[in-house]
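Student: Counting along the sequence shown from 1, when you hit position 199 you're at 211 in this note's numbering, and nothing is skipped either side.
Each residue gets a CB set at the ideal place from its N, CA and C atoms; glycine is no exception.
Predicted, not measured: the structure shown is a model, and the values here were computed from it.
Below: one structure in structure tokens.
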Amino acid sequence: MSSIMTNSAALTALQSLNATSKSLQDTQARISTGYRVSQASDNAAYWSIATTMRSDNQAMSTVSDALGLGASKVDTAYTGMNSAITTINQIKAKLLASYGQTDASKQKTQVEIAALQDQMKSYADGATFSGTNMLSVNSGATATTAADVKILSAFNRDAAGAASISTIDVKVENTKLYEAGTTATLAKGILDTERVGSTGVATGTAVAVTLGNAATATDTYSAAKLKIFDSATGKAAGDDQIKQMLTVIDSALADMTNAASTLGAAKSSIDLQKTFTSNLMDSIDRGVGQLVDADMNKESTRLQALQVQQQLGVQALSIANGSSQSILSLFRG
């Protein structure tokens, strides 16, 4: 049936042309943005997942930066610790050389030992990075232990969507060489703590030692302050006292070696976490890309096909609109 009131063929052609135009717009948008899901209306679930994961990836980028900063802090402390270990070995050598020497020789050796002790303090004080020092510490007048250094290491999200963070903690209490805090219960550092001369064990109670007297089992010495010659009294340490000082130095050296191992382990953990974080960020980027990225090969092919369909649709609509004109020929004489 031909009708001048309703052109069914034109309506059908118009609907087809509109659908083709809408598909063409979508394809052009995918090509121009590079995404097949660029907004929530494209695919709400994928868009939501991608938005969350992109946010998490930005957080992990911050974590990666924090790990780099933490690595620098630990590296600085390790360098200072290594230098202090080298220096305390030199003090140990000086003590061994002074065994059996005359008081005059011990006086000269004491000058060298004092210079080495000052050097160790300088190393510890200088091992600061971004305001953090793990070797020379002042925990204040109330703390009972030195505060740990916390290095941001991970941003986590569990299956329920709850976010959390993880840290790599460096126990400064185990690495500090000097402690300026004044709390009675606060342990001093490895070098400035008093140690029992007969055992080398650290103790919180100092026992005054008079150089030149016989050594006792309760005598204490500090690796940072021990003397083999007292210029105030003009007395030199006896050989039995030097033996005790060697015990104290050896014990401090063992603790410093353990502290260096602690710093080395922290550095290793940081390096491993940096590698993991970098790989995880790459994996998330790939996962998000699989959800929302457009396949440009497919889209370019689809664009060409839709352009042809649009041209054909325009022609079909033109033909359909022209069909009503043919009705006039029925009324011509």
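Near A9, which residues of its chain fall below 6 Å by C-beta distance, leaving aside the five closest residues on each side in sequence?
Tutor: The question about residue 9 has no answer, for the chain in this structure spans 13 to 345.
Student: Please report the straight-line C-alpha distance between N168 and I177, rounded to a whole angstrom.
Tutor: Position 156 of the sequence shown, counted from the first residue, corresponds to residue 168. Position 165 of the sequence shown, counted from the first residue, corresponds to residue 177. Roughly 6 Å between the two C-alpha positions.
Student: Given this structure, state the Cα-to-Cα distance separating M308 from L315, to the nearest angstrom.
Tutor: Taking the first residue of the sequence shown as position 1, residue 308 is located at position 296. Taking the first residue of the sequence shown as position 1, residue 315 is located at position 303. Each residue's Cα considered, the two are about 10 Å apart.
Student: Is it buried or exposed, T98, if we count other Cβ atoms within 10 angstroms and call 16 or more buried?
Tutor: If you number the sequence shown from 1, residue 98 lands on position 86. By the neighbour-count rule (16 or more Cβ atoms within 10 Å), T98 is not buried but exposed.
Student: Apart from the five residues just before and just after Q322, which ones in its own chain have a Cβ nearer than 8 Å to its Cβ?
Tutor: In the sequence shown, residue 322 corresponds to position 310, counting from 1. Correct list, in chain order: L29, T32, S33 and L36.
Student: Touching or not, the segment 110 to 123 and the segment 143 to 158, by the rule of three or more beta carbon pairs under 8 Å?
Tutor: Segments in contact, no.
Student: Taking A226 as part of the alpha helix (DSSP H), name the residues at either end of that continuous run.
Tutor: Stepping through the sequence shown from its first residue, residue 226 is reached at position 214. Neither: A226 is in no alpha helix (DSSP H) and is coded neither H nor E.
Student: Closest to T121 by CA distance: which of S281, L318 and S243 is it?
Tutor: Within the sequence shown, residue 121 is the residue found at index 109, counting from 1. Measuring from the Cα of T121, the nearest candidate turns out to be S243.
Student: Leaving out five residues before and five after L26 in sequence, what residues of the same chain have Cβ atoms less than 7 Å from its Cβ?
Tutor: On the sequence shown, position 14 is the one that residue 26 refers to. Result list for L26: L329, in chain order.
Student: Which residue from T187, Q253 and L198 puts its Cα closest to that of S210?
Tutor: Numbered from its first residue, the sequence shown carries residue 210 at position 198. Minimum Cα distance to S210 is reached at Q253.
Student: Can you look up N150 in the DSSP assignment and give me helix, strand or coil?
Tutor: Walking along the sequence shown from the start, residue 150 turns up at place 138. Here N150 sits in coil by DSSP.
Student: My guess is that L223 and K239 are in contact by the Cβ rule of under 8 Å, so how many angstroms apart are they, rounded?
Tutor: If you number the sequence shown from 1, residue 223 lands on position 211. If you number the sequence shown from 1, residue 239 lands on position 227. Sure, about 7 Å apart at Cβ, within 8 Å.
Student: Taking buried to mean at least 16 other C-beta atoms within 10 Å of its own C-beta, is Q327 buried or exposed?
Tutor: Numbered from 1 along the sequence shown, position 315 holds the residue referred to as residue 327. Counting Cβ neighbours within 10 Å, Q327 comes out exposed, since fewer than 16 surround it.
Student: With distances taken between CB atoms, is the gap from Q129 to K247 smaller than 9 Å?
Tutor: Taking the first residue of the sequence shown as position 1, residue 129 is located at position 117. Taking the first residue of the sequence shown as position 1, residue 247 is located at position 235. No, the Cβ-Cβ distance between Q129 and K247 is not below 9 Å.
Student: May I ask you to list the residues that DSSP assigns as paired with K247?
Tutor: The count along the sequence shown starts at 1 and reaches residue 247 at position 235. DSSP output for K247 lists D242 as bridge partner(s).
Student: For N94, which residues from the same chain have a beta carbon less than 8 Å from its beta carbon, with the 5 sequence-adjacent residues on both sides left out?
Tutor: What you label residue 94 is simply residue 82 of the sequence shown in a count that begins at 1. Cβ neighbours of N94 beyond the five flanking positions: A272.
Student: Between the Cα of G152 and those of L108, K200, A139 and A166, spot the shortest distance and give me the residue it belongs to.
Tutor: The residue given as residue 152 occupies position 140 in the sequence shown. The shortest Cα separation from G152 among L108, K200, A139 and A166 belongs to K200.
Student: Please state whether DSSP places L198 in a helix, a strand or coil.
Tutor: Within the sequence shown, numbered from 1, the residue matching residue 198 stands at position 186. Reduced to three states, the DSSP call for L198 is coil.
Student: Tell me where the alpha helix (DSSP H) around V86 begins and ends.
Tutor: Stepping through the sequence shown from its first residue, residue 86 is reached at position 74. That run of the alpha helix (DSSP H) goes A56 to S110.
Student: Does DSSP put S214 in a helix, in a strand, or in coil?
Tutor: Reading the sequence shown from its first residue, position 202 is the one you call residue 214. The residue you asked about is not Ser; residue 214 is Ala in the sequence shown. Of the three classes helix, strand and coil, the one that applies to A214 here is strand, per DSSP.
Student: Look at the alpha carbon of L23 and the alpha carbon of V320, and state the distance between them as a whole number of angstroms.
Tutor: As a working note, residue 23 is residue 11 in the sequence shown. As a working note, residue 320 is residue 308 in the sequence shown. When rounded, the distance between both Cα atoms is 20 Å.
Student: In terms of alpha-carbon separation, which member of K104, G92 and D38 lies closest to M257?
Tutor: Looking up residue 257 in the sequence shown gives position 245. Here the closest residue by C-alpha is K104.
Student: From I371 to A171, what does the alpha carbon distance come to, in whole angstroms?
Tutor: The requested residue 371 does not occur in the structure, where the chain is confined to residues 13 to 345.
Student: Should A272 be counted as a contact of the ligand ATP given a C-beta to heavy atom distance under 8 Å?
Tutor: Among the components of this structure there are no ligands whatsoever, and the ligand ATP is therefore not found.
Student: Please determine, among S50, D181 and F141, the residue with the shortest C-alpha to C-alpha distance to A277.
Tutor: Start at 1 with the first residue of the sequence shown, and residue 277 comes out as number 265. A277 has its Cα closest to that of D181, out of S50, D181 and F141.
Student: Determine the closest residue to T88 out of M146, T39 and E191, with distance taken between C-alpha atoms.
Tutor: Indexing the sequence shown from 1 puts residue 88 at position 76. Of M146, T39 and E191, the residue nearest in Cα terms is M146.
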